[in-house]
Amino acid sequence: MGRLHTPALWALLLGIAGVAALAMFRRAPPSAAAPAPVAMQARRPAQPRALLGAGSCSSSGCHAGDPAETQHPGRSAYSVWATRDRHARAEQVLHEPLAEKIVAALARQDRAFGQEPAYAQRACIGCHATARDALASDGVSCESCHGGAGDWLVAHTLPGWRTAGNTLGMVDLADPFTCAQVCAECHVGGLPTADGFPREVTHDFLAAGHPRLAFELRSYKAAEPPHWRDRFAGAPSGAAADDLNAVPDPFVEWALGRRGTLHAYLTLLSVQAERSAGADRPAELPAGHQPLAWPEFAAFDCYSCHRLPLPHKDPLASPGGLPPGTPRLEPLQWALLDLATPAEQAAELARFREAVERQWWRAPSAEMLQAALKSLEHTAGPSKAEPETAGQLAQSVVAGVDPAIWNEAAAAFQALDALSARAESAGASATESAALQTGLKRLRAALEFTTEERSGHRLQFNSPHQFDAGLVAQELDRLVKLFESLPDRP
Ligand code: HEC
Ligand code: HEC
Ligand code: HEC
Ligand code: HEC
Numbered sequence: 004m005g006r007l008h009t010p011a012l013w014a015l016l017l018g019i020a021g022v023a024a025l026a027m028f029r030r031a032p033p034s035a036a037a038p039a040p041v042a043m044q045a046r047r048p049a050q051p052r053a054l055l056g057a058g059s060c061s062s063s064g065c066h067a068g069d070p071a072e073t074q075h076p077g078r079s080a081y082s083v084w085a086t087r088d089r090h091a092r093a094e095q096v097l098h099e100p101l102a103e104k105i106v107a108a109l110a111r112q113d114r115a116f117g118q119e120p121a122y123a124q125r126a127c128i129g130c131h132a133t134a135r136d137a138l139a140s141d142g143v144s145c146e147s148c149h150g151g152a153g154d155w156l157v158a159h160t161l162p163g164w165r166t167a168g169n170t171l172g173m174v175d176l177a178d179p180f181t182c183a184q185v186c187a188e189c190h191v192g193g194l195p196t197a198d199g200f201p202r203e204v205t206h207d208f209l210a211a212g213h214p215r216l217a218f219e220l221r222s223y224k225a226a227e228p229p230h231w232r233d234r235f236a237g238a239p240s241g242a243a244a245d246d247l248n249a250v251p252d253p254f255v256e257w258a259l260g261r262r263g264t265l266h267a268y269l270t271l272l273s274v275q276a277e278r279s280a281g282a283d284r285p286a287e288l289p290a291g292h293q294p295l296a297w298p299e300f301a302a303f304d305c306y307s308c309h310r311l312p313l314p315h316k317d318p319l320a321s322p323g324g325l326p327p328g329t330p331r332l333e334p335l336q337w338a339l340l341d342l343a344t345p346a347e348q349a350a351e352l353a354r355f356r357e358a359v360e361r362q363w364w365r366a367p368s369a370e371m372l373q374a375a376l377k378s379l380e381h382t383a384g385p386s387k388a389e390p391e392t393a394g395q396l397a398q399s400v401v402a403g404v405d406p407a408i409w410n411e412a413a414a415a416f417q418a419l420d421a422l423s424a425r426a427e428s429a430g431a432s433a434t435e436s437a438a439l440q441t442g443l444k445r446l447r448a449a450l451e452f453t454t455e456e457r458s459g460h461r462l463q464f465n466s467p468h469q470f471d472a473g474l475v476a477q478e479l480d481r482l483v484k485l486f487e488s489l490p491d492r493p
């Protein structure tokens, strides 16, 4: 199943050659004088927790056990991360030619980048390394995801740590909403790090050759070499009964993951809005910082501007009565929200989207952003998912997207993948599972970008330029029929 999830599906293709001259302003970290973006108070501890480095977790009695021993995956977390996880190399990639090329392209249009190599650029290391100085070469290590261990390293080894409900700053990654927010701080972008390094991949970065960021919790977790037991997969036969009862729902994981990712995206918008307000009072921005010109293209649908050849659709048509040519906010974030959030929140978020798109040349106000973020935060319960059968849910997924919009079709793929995982934990037969897997593979193949080898290199960027919306619609319908044919299981 692993291959079905590789994030390569997200790699987007617009060609890395020739950075065009129309440079945007460089984004600077929010001014110290500016009020903190709305989401900042909610998530940042007043005092950043001390970082201890991956070395603190690596004793063989702790997390550096043998990865071949899979009974207790947490015991070999360090070994798996150090040897197989891309995050351990995340700082190393800043020493490689692609990073050099990105920084050189950025420096050509913006002198603020200066002559420093990528690994010394403030604009890069916030997401590519957890800590600084000697610890930087650890790349993205344990504490970027699990939280600074300064206060809990000792405490978390004591008996009763979990059951007593302690955290001391350890992040609850078992909660998909929280987990997606943490991942998306780097995989979407957002607030600067506690020590003030920006976390934004702007359109300038993309034009300079940085991979497009697009995150979805389940597929990105599946693409990781796991050092954990997947609590959302059906427990293997022979597992203890309490494990089986504790199997949480993969569709709920999908829904909460979507909400956490959208929360990160709205936080990023609030950082950008804050920054663009600084454009009116550049004198107040700290030395060396430049204001942002709204809109930041990276927050919008790439294909609003980089048009795909879609013969059966009027390329200038905009849905919902928006004026032709209106750039839309990133559809991956907005598709299927009525399935991922309760109706009231979905409606509020839809109103936010529309208000921003109607006046896309103007940054949304802090009040609007705050309301949208709040509506995601105080959500209890998954969605309208519960009372429906798999067939009805699959119908809602497919009815909720426009198969001619690649990002929306991709969002449907992920929802259906989660529904399929749910059917498996609910006891689908081997034949049923195999049929669902085949259906998903076919849909994926219809969505996947063709890759190209050029002078021995696989092109990092790609685009759905051969996207056949008719075929995608057909595969979506096939999947609905498969879900409808599943017997009702409790
Ligand atoms: C908002 C966080 C963020 C910032 C800021 C950022 N990156 Fe990245 N970068 C990522 C993520 C996440 C990936 C992996 C994307 C994926 O595969 O989905 C990545 C991937 C890359 C890759 C591809 C690595 C590979 O293995 O092919 C390079 C090179 C890179 N970044 C360089 C840079 C440079 C240079 C800068 C500064 C100009 C920078 N990044 C700033 C988050 C960031
Ligand atoms: C990219 C993010 C990330 C990094 C980096 C990371 N982890 Fe994790 N870790 C996770 C996630 C996600 C889980 C699963 C959470 C869950 O479902 O309970 C997890 C689970 C764990 C668990 C519980 C395993 C289990 O299921 O019993 C341990 C222990 C752990 N990590 C230790 C570490 C250590 C030690 C490091 C550094 C060497 C590390 N992690 C690095 C994301 C990360
Ligand atoms: C501190 C920033 C940061 C956090 C937090 C983070 N990542 Fe990453 N992640 C990166 C960077 C940077 C890369 C690119 C590394 C490289 O290319 O070598 C990456 C790469 C990946 C890749 C490989 C992508 C590919 O194209 O092969 C996966 C999968 C991934 N991350 C999943 C996750 C998940 C799941 C979480 C949360 C549990 C998470 N990441 C949290 C920064 C982060
Ligand atoms: C509002 C319109 C708009 C949106 C939205 C937009 N772009 Fe662009 N893009 C442009 C323009 C204009 C250029 C040429 C000027 C420049 O490089 O900034 C460009 C250039 C690029 C380039 C460089 C192409 C080359 O050959 O030099 C890449 C890569 C790119 N965009 C990727 C993206 C991605 C990925 C997204 C979505 C996350 C996106 N763009 C969203 C307007 C847009």
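Under the numbering used here, the first residue of the sequence shown is numbered 4, with each subsequent residue one higher. Glycine residues also receive a C-beta, built at the ideal position from the N, C-alpha and C atoms.
Practice item. Could you round the C-beta distance between Ala-134 and Leu-54 to whole angstroms and report it? I think they count as a contact, below 8 Å. Key: Sure, about 5 Å apart at Cβ, within 8 Å.
Check your understanding: So is the beta-carbon of Gly-77 under 6 Å away from any non-hydrogen atom of ligand 2?
Key -> At least one heavy atom of ligand 2 is found less than 6 Å from the C-beta of Gly-77.
Exercise for review: Output yes if chain C places a C-beta closer than 7 Å to the C-beta of Glu-146; else output no.
Suggested key: Considering every chain present, this structure includes no chain C. It has just one protein chain.
Review point. Do the region 347-361 and the region 420-436 touch if we need at least three Cβ pairs shorter than 8 Å?
Key: Contact fails: fewer than three Cβ-Cβ distances are below 8 Å.
Check your understanding: Are the beta-carbon atoms of Ala-91 and Ala-85 separated by less than 7 Å?
Key -> Yes, these two residues count as a Cβ contact at 7 Å.
Check your understanding: Would you say the beta carbon of Ala-187 comes nearer than 6 Å to a heavy atom of ligand 2?
Key -> For ligand 2, not one heavy atom lies less than 6 Å from the Cβ of Ala-187.
Review point. Is the Cβ-Cβ distance between Arg-52 and Gly-142 less than 7 Å?
Key: 7 Å or more divides the Cβ of Arg-52 from the Cβ of Gly-142.
Check your understanding: Name the DSSP beta bridge partners of Leu-332, please?
Key -> DSSP, once it has assigned bridges, lists Phe-303 as partnering Leu-332.
Point to revise | Continuous alpha helix (DSSP H) stretch holding Val-83: start and end | key: DSSP places Val-83 inside the alpha helix (DSSP H), whose first and last residues are 80-87.
Check your understanding: Does at least one heavy atom of ligand 4 sit under 6 Å from the Cβ of Ser-307?
Key -> Annotation for Ser-307 indicates a beta carbon within 6 Å of some heavy atom of ligand 4.
Review point. Since Gly-394 is in the alpha helix (DSSP H), which residue starts that stretch and which ends it?
Key: Residues 393-402.
Exercise for review: For Leu-25, I'd like the list of residues in its chain whose CB is within less than 8 Å of its CB, leaving aside the five on either flank, ordered along the chain.
Suggested key: With a pLDDT of 22 at Leu-25, under the threshold of 50, the predicted position of this residue should be treated as unreliable, and no value is reported.
Check your understanding: Nearest-angstrom Cα distance between Ala-31 and Gly-151?
Key -> Note that Ala-31 scores a pLDDT of 29, beneath 50, so its modelled location is shaky; the value from the coordinates is reported in the next line. C-alpha separation (whole angstroms): 25 Å.
Exercise for review: Ignoring anything shorter than 4 residues or poking outside the region 72-160, list the alpha helix (DSSP H) runs there in chain order.
Suggested key: Every alpha helix (DSSP H) stretch that sits fully inside the region 72-160 and reaches 4 residues is listed by chain position as 80-87, 100-112, 125-131 and 145-149.
Exercise for review: Taking only heavy atoms of ligand 1 into account, decide whether any of them is closer than 6 Å to the Cβ of Pro-251.
Suggested key: Distances from the CB of Pro-251 to the heavy atoms of ligand 1 are all 6 Å or more.
**Study point:** Contacting residues, own chain, Cβ-Cβ under 7 Å from Phe-200 (five flanking each side not counted)
**Key:** Taken in chain order, the residues that qualify are Arg-125, Ile-128 and Gly-129.
Exercise for review: Could you check which residue in Val-174, Ser-140 and Ala-139 has the C-alpha nearest to that of Leu-156?
Suggested key: By alpha-carbon distance to Leu-156, the top candidate from Val-174, Ser-140 and Ala-139 is Val-174.
Practice item. Determine contact between the region 253-269 and the region 218-230, defined as no fewer than three beta-carbon pairs at a distance below 8 Å. Key: Yes, they touch.
Check your understanding: Considering only the beta carbon of each residue, do Glu-411 and Asp-405 sit closer than 7 Å?
Key -> It is a contact, given that the beta carbons lie within the stated cut-off.
Practice item. Look at Ala-121 and Val-106 and say whether their C-beta atoms are less than 7 Å apart. Key: With contacts defined by Cβ atoms closer than 7 Å, Ala-121 and Val-106 form a contacting pair.
Practice item. Verify the contact flag: His-206, CB atom, against every heavy atom of ligand 1, threshold strictly below 6 Å. Key: No; taking the cut-off as 6 Å, the Cβ of His-206 has no heavy atom of ligand 1 nearer than that.
Review point. So does the region 361-381 actually touch the region 272-286, counting three or more Cβ pairs closer than 8 Å?
Key: Taking one beta carbon from each stretch, the region 361-381 and the region 272-286 have 3 or more pairs nearer than 8 Å; the two touch.
Practice item. Put Arg-261 into one of helix, strand or coil per three-state DSSP. Key: Helix at Arg-261.
Practice item. Report yes if the C-beta of Ala-301 is less than 6 Å from at least one heavy atom of ligand 4; otherwise report no. Key: It does: the Cβ of Ala-301 is within 6 Å (strictly closer) of some heavy atom of ligand 4.
Review point. In chain order, what residues of the same chain have a beta carbon less than 8 Å from the beta carbon of Lys-443, not counting five sequence neighbours either side?
Key: Here the sequence assigns Leu to residue 443, which means Lys is not the residue at that position. If the five residues before and after Leu-443 are omitted, its C-beta is found closer than 8 Å to the C-beta atoms of Leu-7, Phe-416, Leu-419, Asp-420, Ser-423 and Leu-482, all from its own chain and listed in chain order.
Review point. Any chance the CB of Leu-161 is under 6 Å from a heavy atom of ligand 1?
Key: No; taking the cut-off as 6 Å, the Cβ of Leu-161 has no heavy atom of ligand 1 nearer than that.
Review point. Can you give the beta carbon distance from Phe-235 to Glu-256, rounded, assuming they're within the 8 Å contact cut?
Key: With a Cβ gap of about 5 Å, Phe-235 and Glu-256 count as contacting.
Exercise for review: Alpha carbon to alpha carbon, how far is His-75 from Ser-307? Give it in angstroms, no decimals.
Suggested key: Taking the straight line from one Cα to the other gives about 47 Å.
Check your understanding: Around the C-beta of Trp-337, are 16 or more other C-beta atoms found within 10 angstroms, so that it is buried, or is it exposed?
Key -> Trp-337 comes out buried.
Review point. Taking the alpha-carbon positions, what's the Ser-62 to Leu-97 distance?
Key: Distance between the alpha carbons of Ser-62 and Leu-97 is about 28 Å.
Review point. Which residues share a DSSP beta bridge with Gly-193?
Key: Gly-193 pairs with Arg-202.
Practice item. Measuring alpha carbon to alpha carbon, tell me which of Gly-212, Leu-479 and Trp-297 ends up nearest Gly-394. Key: Distances from the alpha-carbon of Gly-394 to those of Gly-212, Leu-479 and Trp-297 put Leu-479 closest.
Check your understanding: Regarding Cys-130 and ligand 3, is the C-beta to nearest heavy atom distance less than 6 Å?
Key -> For ligand 3, at least one heavy atom lies less than 6 Å from the Cβ of Cys-130.
**Study point:** Segment contact, 8 Å Cβ cut-off, at least three pairs: the region 183-201 with the region 99-114
**Key:** No, they do not touch.
Check your understanding: Do Pro-214 and ligand 5 come close, with the Cβ less than 6 Å from some heavy atom?
Key -> Ligands in the displayed structure: ligand 1, ligand 2, ligand 3 and ligand 4; ligand 5 is not one of them.
Review point. Nearest to Pro-467 by CA position, among Glu-119, Thr-453 and His-159, is which residue?
Key: It is Thr-453 whose Cα lies nearest to the Cα of Pro-467.
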